[in-house]
Structure formats: C-alpha cells, structure tokens
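Presented below is the structure to which this report refers.
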Amino acid sequence: MKTEFPYRRIGRRAPLILGSDTLWLGSGHVLSVRNRRFVEEYRRFDLREIQAIVVQKRARFVLPVYWLLACAAAFGAAVAGTAYDKKWLTYSGWAALALLGAYWAVASIFGSCSCHLRTAVGSYELPGLYRRWIARRALQTLDASISEAQGALPEDWIADDTPDPAPPPPEANPADRLPTVLAALACIALLLDALFSWLVRAPNISRTLRAGNMLATVIAVVLPVASIVVSRRDKRFQFMRTMFLIAVLAVGSANYGNTVVNTFLAAVQRAQAEPIDISTGDFFYWLNQIAEVSLGLLGLLHLAGDTRRRQISAP
Amino acid sequence: MLLDCTRCHASLPVWVIKAGDAAMCPACNAGLTIRVFPALLAPPRELNPDDLRIEAGEASCFYHLSKRAAASCARCGRFVCALCAVEFDGAVWCPGCLSDAHAGRKHVRLENRRLLWDSIALGAATWPFVLLLWPALPGSLAAIFISIRYWKRPGSLIPRTKWRFILAILISLAELVLFAVLVYSFVQGVRQTAR
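Protein sequence lines, in the order shown, are assigned to chains A and B. Mapping to numbering that gives the first Met the number 0: the first sequence position 300 is 299, numbers consecutive. Mapping to numbering that gives the first Met the number 0: the second sequence position 82 is 81, numbers consecutive.
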C-alpha cells in the first residue's frame with residue numbers, strides 16, 4: 000500500500016551552485032530543506048511558534064561591487080585584446096562581459112523579494128520564496144495553516160502599552176524633490192554625454208558638436224557631484240551616491256586619462272624615436288560609453304522604482 | 000518592540016506592522032509585507048516557584064531531587080519537574096530521552112541532517128571520469144559498493160527516487176568494462192610487440 004507523503008512543497012526550488020533550497024509544509028510544522036549535494040540539512044518550525052512572516056521587497060537592478068569588479072576585469076581583457084590584436088583575449092573578454100550581463104539581468108528579474116519567518120528565538124530566511132508572486136501564494140498557504148494552529152488574531156490586538164499611534168506620513172515638501180530631480184538630471188546628463196561621445200567619433204565633425212561634447216562632459220561630471228552634495232544626508236540616496244561616485248571617476252578617468260596616456264605615449268615615442276602601435280582611444284571611448292550608459296539607465300530605473308514603491312506604501 | 004525590519008533591523012512601529020501588505024520601513028524605506036500571528040502577542044512562559052517546591056510525600060524530579068515532579072516522560076516514564084518537561088510531538092519527553100533520540104536518530108522529527116548516499120555514489124562514479132582523474136577504477140568500485148550497501152537506507156525526508164543509485168551502477172559498470180577493454184588491448188599490444 001502506498002503511503003501518502005507527509006509534506007507539501009511551498010514555493011519553488013531555489014537553485015544554488017552546490018545544491019538547492021526548498022520549503023515544505025508538514026503536519027504541524029514547516030520544514031526548510033537545505034541540499035548541499037551530498038548532505039541535506041533540515042530545520043523545522045512549529046506552526047504554533049511562528050510569530051510573524053515578513054516578505055521584504057528587494058531592490059532590483061542594483062550593482063554589487065564584486066559584479067562591477069568582474070565586469071571591469073572582463074572589459075579590460077577585451078580592450079587589451081583589441082589593443083594588442085589578440086583575438087582570443089578580445090572574444091573571451093566580451094563573452095565574459097555578456098555572461099556577467101546575463102547573470103545580472105537574471106538575478107535582477109527573478110530575485111525580487113526575500114521571506115523571513117520570525118519565532119521567539121530568532122528570524123530565519125525561508126528558502127525558495129524569491130519572487131513576489133511565489134511569496135504571496137506561499138503566504139496564503141502558511142497563513143491558513145498557522146491560523147488553524149494558533150487561532151485568529153484578536154481584532155484589537157494592539158496592546159494598550161504600545162504608545163505610538165500611527166504618525167501621519169510626512170507631507171511631500173517641494174524642497175524634498177530637489178535631490179530626486181537632480182539625480183534624474185545627472186542620469187540624463189550621463190546618457191547625453193554618451194550620445195555626444197558617440198557622435199564625435201564620426202569623421203569631419205563640426206566645431207559646434209565638439210564644443211557640445213565638451214560641455215556635455217562637464218555637465219556629466221558637475222551634476223552627479225552636485226547630486227552627491229545635495230543628498231549627502233539622505234539614506235534613500237545611498238545607492239545613487241555610490242553610483243554617481245563611480246560615474247564621476249569613470250567619466251573623469253576616461254576623458255582625461257586618454258589625454259594623459261596619449262601625452263605619455265608621445266613622450267615615450269619621442270624618446271625612443273619609434274612608433275608604438277597601441278590604440279588607447281578605443282579603450283577610453285568604451286570605458287566612457289559603458290560607464291555612462293549603464294550608470295545613467297540604472298539610476299533612472301532605480302529612481303523610478305523608488306518613486307513607485309513610495310507611492311504604493313504611503314498609508 | 001514587536002518586530003524588526005529584516006533589512007536594517009530597526010524596530011518597526013505598530014502602524015507599520017498593521018499596514019500588512021503595504022508596509023514600509025520608516026528607517027530604510029524597504030517595502031514589506033507583514034503577517035502577524037497570535038504567538039507574537041503571547042506572553043513568555045514563566046514558571047511559578049511554588050510549582051517547583053517539593054513537600055513531604057510528593058514525588059520528585061528524576062533530574063532535580065529538590066523539585067516537585069510535574070509530569071512523566073512519555074518514553075521512559077521518569078518523573079520530571081516543570082523545568083525538565085519538554086513538550087515534543089504531542090507528548091512530554093524528559094531531556095535524557097530527547098538527547099538519546101537526537102543522538103541515535105530514533106525519531107525522524109529530531110533529525111537535522113542526512114547524508115545523501117545516492118548523490119555520493121553518483122559523484123564517485125562520475126567525478127573521477129569527468130575530471131579525467133584516471134584511472135576511475137576505485138571510484139567505480141566505490142560507487143557500486145555504496146549503491147548496494149545503502150540501497151535501502153532511508154534517503155531524504157523529501158521525495159527522492161532511486162535513479163541516482165541506478166545511474167551510478169550503470170556508469171560504474173561501463174567504466175569497468177572500458178577499463179577491462181583498455182587493459183586487454185594493452186596486454187595484446189605488449190604480446191604482439193614481444194613476438
């Protein structure tokens with residue numbers, strides 16, 4: 000006679016490099032299974048002891064430092080391969096960059112939340128609930144089971160000793176908009192500078208376009224710096240500040256690094272009286288383009304997401 | 000303080016917790032969905048010292064002779080005081096039985112770790128071959144041994160079939176056959192050279 004399996008899976012399998020994590024609902028408890036390929040580790044949560052479940056929406060399209068460093072290394076390899084005419088290095092670099100981009104896109108699209116379970120002992124992250132709609136479904140299932148085990152929460156569950164009544168949310172002050180507007184302008188300036196830099200690569204360009212490019216570069220440096228200064232005490236802009244700092248460094252080094260390196264190479268050539276066949280222009284051009292386009296788009300996405308989240312959560 | 004933000008660990012005000020699906024941490028602006036259950040409001044369990052005080056003629060705890068027995072262990076029958084009584088799987092257990100069951104893996108709900116022998120067998124059969132750690136002979140033999148020895152050993156707590164064991168045996172047999180063919184060819188070659 001076939002016995003019925005005592006567990007029902009909640010959520011999805013969260014794949015890891017070595018193994019996977021899953022979450023199961025059994026009789027009277029929740030079972031978290033951590034598979035490490037050759038061994039499985041279990042953690043059980045009694046339904047009567049679960050105090051709360053918190054689903055935290057995760058910021059998408061963020062750039063982790065390790066990812067940026069890996070991208071920089073791959074990009075450097077690709078540019079070095081182009082400069083020294085090593086095709087295998089160029090292709091490897093671009094392939095690595097494409098893979099990193101794909102990884103970032105997948106991680107940003109699929110990892111939209113994390114789910115935490117709270118007991119009297121501590122808080123634990125539940126595996127497998129990494130997307131909002133999965134977490135919502137799992138929450139419905141868990142809610143029903145836990146309510147069955149614990150009963151319903153009383154209507155007037157706010158105890159008398161909780162003195163903080165709902166404080167009204169702060170009114171939107173026009174002055175508060177300045178950091179947001181400035182940040183958005185800085186992102187647009189970065190994108191515009193990328194466009195100008197691309198346009199001036201064409202042969203026989205006008206002096207006006209060249210001047211416009213220089214102006215756009217200056218604005219693309221000044222506006223992020225201004226945005227950093229204006230939002231320096233605002234926690235919400237921590238990510239934007241980091242991003243703008245990277246942008247300023249990248250744009251600055253790309254535009255002025257080209258001049259510095261060319262001057263240095265010219266000096267070396269004069270000293271040796273031999274031409275050196277290294278094209279540094281491409282490297283700095285691509286550094287500029289990638290930094291400006293990626294950071295500009297990312298900043299706008301982040302700002303859009305932040306504004307939407309604030310609108311949703313306003314009580 | 001009822002709950003902390005899972006991102007910045009700042010304590011969440013009650014009006015945020017009550018917001019439920021549309022909550023937001025005031026400190027870090029993290030968007031939250033919060034479900035609260037009655038266990039959060041339950042007061043911590045406290046023991047009355049009078050319940051532990053033993054008087055003449057009363058049974059004492061097996062582990063604390065100076066404390067009054069409050070229950071008996073469902074497994075071994077020992078009397079235990081309110082401090083030692085552990086509610087587990089719908090019954091009262093004493094700490095000794097709980098510890099024994101945990102160490103000896105006598106109760107499935109006390110197990111917090113299991114070795115996956117089928118994955119180990121499959122790994123032993125495939126990894127030496129994939130990583131070109133030649134000869135893969137010891138790995139193949141080990142995979143066959145593990146597959147036969149642990150075929151009936153309880154596997155994972157969650158659904159898991161035996162296909163890894165079967166695959167490990169098949170791969171190992173194929174590797175052994177390949178190894179035998181190689182040895183045979185080598186010996187034949189040596190013989191022909193000698194002639």
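Glycine included, each C-beta is placed from N, C-alpha and C at the ideal position. Just so we're clear, the structure is a prediction, and the values are computed from it rather than from any experiment.
task: Starting from the beta carbon of D142(A), find every residue of chain B whose beta carbon is closer than 8 Å, and list them in chain order.
output: Along the first sequence, one-based indexing puts residue 142(A) at 143. Chain B residues near D142(A): R34.
message: Using 8 Å for Cβ pairs, my map puts D99(B) next to F164(B). What's the rounded Cβ distance?
response: On the second sequence, position 100 is the one that residue 99(B) refers to. On the second sequence, position 165 is the one that residue 164(B) refers to. Contact between D99(B) and F164(B) does not hold, since the beta-carbon distance rounds to 31 Å and is not under 8 Å.
- request: Could you name the residues of chain B that V32(A) contacts, counting a contact when the two beta carbons are closer than 9 Å?
  value: Locating residue 32(A) in the first sequence gives position 33, counting from the first residue. Contact note: V32(A) reaches chain B through S155, L156, I157, using a C-beta cutoff of 9 Å and chain order.
- prompt: Are the Cβ atoms of L156(B) and Y41(A) separated by less than 8 Å?
  reply: Position 157 of the second sequence, counting from 1, holds the residue named residue 156(B). Position 42 of the first sequence, counting from 1, holds the residue named residue 41(A). Taking C-beta atoms as the reference points, L156(B) and Y41(A) count as a pair closer than 8 Å.
field: First through last residue of the alpha helix (DSSP H) which encompasses G100(A)
entry: One-based indexing of the first sequence puts residue 100(A) at position 101. In the DSSP annotation of this structure, the continuous segment of the alpha helix (DSSP H) that includes G100(A) starts and ends at 86-109.
- request: Have a look at the DSSP bridge pairing and note the partners of I157(B).
  value: Taking the second sequence and counting its residues from 1, one reaches residue 157(B) at position 158. Checking the DSSP bridge columns, you'll see I157(B) has no partner listed.
- prompt: In the stretch 49-88 of chain A, which residue ranges form an unbroken alpha helix (DSSP H) of at least 4 residues, counting only runs that do not cross its ends?
  reply: Fully enclosed alpha helix (DSSP H) runs of 4 or longer: 64-82.
- prompt: Are S107(A) and A182(A) closer than 8 Å when you measure CB to CB?
  reply: Reading the first sequence from its first residue, position 108 is the one you call residue 107(A). Reading the first sequence from its first residue, position 183 is the one you call residue 182(A). In terms of Cβ geometry, S107(A) and A182(A) do not form a close pair [threshold 8 Å].
- request: Check the Cβ of E40(A) against every Cβ in chain B and list those closer than 8 Å, keeping chain order.
  value: For the purposes of this step, residue 40(A) is taken as the residue at position 41 of the first sequence. The contacting residues are N111, R112.
- request: Can you tell me the Cβ-Cβ gap for A76(A) and G92(A), rounded? I've got them flagged as a contact below 8 Å.
  value: Numbered from 1 along the first sequence, position 77 holds the residue referred to as residue 76(A). Numbered from 1 along the first sequence, position 93 holds the residue referred to as residue 92(A). The pair is a contact, with the Cβ atoms about 4 Å apart (cut-off 8 Å).
task: Output yes if chain A places a C-beta closer than 8 Å to the C-beta of N47(B); else output no.
output: Sequence index remark: in the second sequence, residue 47(B) carries index 48 (1-based). No, because no Cβ of chain A sits closer than 8 Å to the Cβ of N47(B).
query: Would DSSP call T207(A) helix, strand or coil?
result: As a working note, residue 207(A) is residue 208 in the first sequence. In the structure shown, T207(A) falls within a helical segment according to DSSP collapsed to helix, strand and coil.
- request: List the endpoints of the continuous beta strand (DSSP E) containing H115(A).
  value: Translated into positions along the first sequence, residue 115(A) becomes position 116. Where H115(A) is concerned, the enclosing beta strand (DSSP E) stretches over 112-117.
- request: Answer with buried or exposed for Q55(A), where buried requires no fewer than 16 other C-beta atoms within 10 angstroms of its C-beta.
  value: As a first step, residue 55(A) is located in the first sequence; it is residue number 56 there, counting from the start. With 16 or more Cβ atoms within 10 Å of its Cβ, Q55(A) is classed as buried.
- request: Kindly provide the ranges of any alpha helix (DSSP H) runs that are 4 or more residues long and lie completely inside the stretch 91-176 of chain B, ordered along the chain.
  value: DSSP runs (the alpha helix (DSSP H)) wholly in the stretch 91-176 of chain B: 94-103, 116-129, 136-148.
query: Which word fits H115(A), buried or exposed, when buried means at least 16 other C-beta atoms lie within 10 angstroms of its C-beta?
result: Mapped onto the first sequence, residue 115(A) falls at position 116. With 16 or more other Cβ atoms within 10 Å, it is buried.
- request: Measure the C-alpha to C-alpha separation of L315(A) and F238(A) and round it to an integer number of angstroms.
  value: Since the first residue of chain A shown is 0 and the last is 314, residue 315(A) is not available in this structure.
- prompt: Taking Cβ positions only, does W23(A) come closer than 8 Å to chain B?
  reply: Looking up residue 23(A) in the first sequence gives position 24. At a cut-off of 8 Å between beta carbons, W23(A) contacts chain B.
query: Does DSSP put E39(A) in a helix, in a strand, or in coil?
result: The residue given as residue 39(A) occupies position 40 in the first sequence. It is a strand residue.
- prompt: What do you get for F144(B), buried or exposed, if any count of 16 or more other CB atoms within 10 angstroms of its CB means buried?
  reply: Here the question's residue 144(B) lines up with position 145 in the second sequence. F144(B) is classed as exposed because its beta carbon has fewer than 16 other beta carbons within 10 Å across all chains shown.
- request: Please decide whether I165(B) counts as near chain A, where near means a Cβ-Cβ distance under 8 Å.
  value: In the second sequence, residue 165(B) corresponds to position 166, counting from 1. Output row for I165(B): interface = no.
query: Candidates P94(B), S171(B), V182(B): which alpha carbon is nearest A81(B)'s?
result: Taking the first residue of the second sequence as position 1, residue 81(B) is located at position 82. When P94(B), S171(B), V182(B) are compared, the shortest CA-CA separation from A81(B) is found for P94(B).
- prompt: Which term fits T179(A), buried or exposed, when burial requires 16 or more other beta carbons within 10 angstroms of its beta carbon?
  reply: Locating residue 179(A) in the first sequence gives position 180, counting from the first residue. The residue in question, T179(A), is buried, as its Cβ has 16 or more Cβ neighbours within 10 Å.
- prompt: So, does the CB of P37(B) fall closer than 8 Å to a CB anywhere in chain A?
  reply: As a position in the second sequence, residue 37(B) is number 38, starting the count at 1. Interface annotation, P37(B): in contact with chain A, CB-CB separation under 8 Å.
F61(B), DSSP secondary structure in three states: By 1-based counting over the second sequence, the position of residue 61(B) is 62. Here F61(B) carries a coil assignment [DSSP, helix/strand/coil].
query: From the beta carbon of V53(A), is the nearest beta carbon of chain B less than 8 Å away?
result: For the purposes of this step, residue 53(A) is taken as residue 54 along the first sequence, with counting starting at 1. Cβ-Cβ to chain B under 8 Å: yes for V53(A).
field: As assigned by DSSP and simplified to three states, the class of P318(A)
entry: Here chain A has residues from 0 to 314 only, and residue 318(A) is not among them.
task: Look at C24(B) and V13(B) and say whether their C-beta atoms are less than 8 Å apart.
output: By 1-based counting over the second sequence, the position of residue 24(B) is 25. By 1-based counting over the second sequence, the position of residue 13(B) is 14. The answer is no: Cβ separation not under 8 Å.
Extent of the continuous alpha helix (DSSP H) to which L138(A) belongs: Locating residue 138(A) in the first sequence gives position 139, where the first residue counts as 1. Where L138(A) is concerned, the enclosing alpha helix (DSSP H) stretches over 131-149.
- request: Using only alpha-carbon positions, find the residue among S59(B), L2(B), L31(B) that is nearest to L40(B).
  value: Here residue 40(B) refers to the residue found at position 41 of the second sequence. Nearest C-alpha to L40(B): L2(B).
message: Here's a check: name, in chain order, each residue in its chain whose Cβ is nearer than 7 Å to the Cβ of F44(A), leaving out the five neighbours to either side.
response: In the first sequence, counting from the first residue as 1, residue 44(A) sits at position 45. Closer than 7 Å at the Cβ level, and outside the excluded window around F44(A), lie H28, V29, L116, T118.
- prompt: chain A beta carbons: is any one of them nearer than 8 Å to that of Y143(B)?
  reply: Numbered from 1 along the second sequence, position 144 holds the residue referred to as residue 143(B). According to the sequence displayed, residue 143(B) carries Ile and not Tyr. Cβ-Cβ to chain A under 8 Å: no for I143(B).
message: Less than 8 Å between C-beta atoms, sequence neighbours within five positions excluded: which residues of the same chain meet that for M0(A)?
response: Taking the first sequence and counting its residues from 1, one reaches residue 0(A) at position 1. Reliability fails at M0(A), whose pLDDT of 48 lies under 50, so the model's placement of it is uncertain and the value that follows must be treated cautiously. Residues of the same chain with a CB within less than 8 Å of the CB of M0(A), apart from the 5 flanking positions on each side, do not exist.
field: Anticipated Cβ contact below 8 Å, F37(A) with I168(B), distance rounded
entry: By one-based count along the first sequence, residue 37(A) stands at place 38. By one-based count along the second sequence, residue 168(B) stands at place 169. In this structure, F37(A) and I168(B) do not form a Cβ contact; the two beta carbons are roughly 18 Å apart against a cut-off of 8 Å.
query: Under three-state DSSP, which class holds F243(A)?
result: Taking the first residue of the first sequence as 1, we reach residue 243(A) at position 244. Three-state DSSP puts F243(A) in a helix.
query: If we ignore side chains and look at the alpha-carbon of each, how far apart do D175(A) and G19(B) end up?
result: In the first sequence, counting from the first residue as 1, residue 175(A) sits at position 176. In the second sequence, counting from the first residue as 1, residue 19(B) sits at position 20. So the alpha carbons of these two residues sit roughly 27 Å apart.
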